[in-house]
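A.B. asks: Quick note: UniProt numbering has the sequence shown finishing at residue 232, numbered continuously throughout.
Dumping the structure here so I can ask a few things about it.
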Amino acid sequence: MFHFPSLNTILVPQGAEYKAVCRGLSRVSGTTPTVMPIPVGIKPLTQYLQQLPVDKNSWNRPQSRVLVMGICGSLSQRYRVGDIVLYQDCVYQGKLQECDRSFTAQMQSALLEKVSLVKSLTSDRVVWSAAQKYHLGETLKVDVVDMEGFAALEFFKNTGVAVAMLRVVSDDCHHDIPDLTAAINSDGSLNPLPLAIGLLKQPLAAIRLIRGSLKGLKVLEEVTTSLWVNKS
């Protein structure tokens, strides 16, 4: 079994990603980290972390570690649906925050050849068009995109908490996905009606998104288990 000293918290976007990580850990015997569902988006996540009672924060210990998990979108031809990636850093509006190098190296060692080190972009909107994915990847020199990474690093940067980010690619850079920005509420939750409308407006893109998400979530579940089970 791999041991990650002082890793007592995993942060995962609420909903399907959170459930996938919980399923992965349910197969593990012994002590496992606390899994906390977080809202989607930079502002909702920042507000959520700031409002947590101090005594509820399991990372309020010396040399604590927090692992952020979930799915992400590819902005590079190198990364396809189902690929596992570890973040080196996150960029948002010209600012950069780095993940903890030692913790990230330990995660990389645990996963061996299964994982790639990447540079990530944090976006406050869904990056849905293939043209936009290509443009962002080329101009910003980033590999993947999500909506929470930078906010987590920004929050923890002066706390002494080491942060690593492990994600699974759920959509590639070659195809459009539905623009679901309108389905994300201001508190970071998903609104079912705009979500359904967004999917129905672009049925082929919706099918592609659903297939990619299902594959990404399955790999997310599996990699969660693999980090804490015995290896032969």
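Cβ atoms here follow ideal geometry from the backbone N, Cα and C, with glycine treated the same way.
Among W128, Q132, I42, which residue has its Cα nearest to the Cα of C90?
C.D. replies: Cα-wise, what sits closest to C90 is I42.
A.B. asks: Which same chain residues end up closer than 7 Å to L199 when comparing Cβ atoms and leaving out the 5 residues on each side of it in sequence?
C.D. replies: For L199, where only same-chain residues beyond five positions count, the Cβ hits under 7 Å are P178, A206.
A.B. asks: Nearest-angstrom Cα distance between E17 and M36?
C.D. replies: For E17 and M36, the distance between alpha carbons rounds to 11 Å.
A.B. asks: Give, in chain order, every unbroken run of the beta strand (DSSP E) that is at least 3 residues long and sits entirely within the segment 97–155.
C.D. replies: Here the runs fully enclosed are 115–122, 144–146.
A.B. asks: Specify, as a first and last residue, the run of the alpha helix (DSSP H) that G82 falls within.
C.D. replies: It is not in any alpha helix (DSSP H) - G82 carries neither H nor E in the DSSP assignment.
A.B. asks: Assuming Q51 contacts S6 (C-beta within less than 8 Å), just tell me the rounded distance between them.
C.D. replies: Not quite, the Cβ-Cβ distance comes to about 24 Å (not below 8 Å), so this is no contact.
A.B. asks: Bridge partners of S74, per DSSP?
C.D. replies: In DSSP, S74 forms a bridge with V144.
A.B. asks: Would you mind reading off the limits of the alpha helix (DSSP H) that contains R27?
C.D. replies: No alpha helix (DSSP H) contains R27, which DSSP labels as neither H nor E.
A.B. asks: Based on the DSSP secondary-structure assignment, which residues constitute the bridge partners of V12?
C.D. replies: Its beta-bridge partners are P37.
A.B. asks: If I measure Cβ to Cβ from L96 and keep anything under 6 Å in the same chain, skipping five residues before and after, which residues do I get?
C.D. replies: Answer for L96: D89, listed in chain order.
A.B. asks: Determine, using beta-carbon pairs with one atom in the segment 70–84 and one in the segment 164–179, whether at least three such pairs fall under 8 Å.
C.D. replies: Yes, the segment 70–84 is in contact with the segment 164–179.
A.B. asks: Considering only residues of the same chain and omitting the five flanking positions on each side of T122, which have a CB-CB separation below 6 Å?
C.D. replies: Contacts found: C90, Y92, G149, F150.
A.B. asks: Go ahead and pull the three-state DSSP assignment for Q47.
C.D. replies: Helix, per DSSP.
A.B. asks: Going straight from the alpha carbon of G15 to that of M107, what length do you get?
C.D. replies: Answer to the nearest angstrom: the Cα atoms are 24 Å apart.
A.B. asks: Is E221 buried or exposed, if buried means 16 or more other CB atoms sit within 10 Å of its CB?
C.D. replies: Answer is buried; the Cβ neighbour count reaches 16.
A.B. asks: Please report the residue range of the beta strand (DSSP E) in which L166 lies.
C.D. replies: 162–171 is the extent of the beta strand (DSSP E) around L166.
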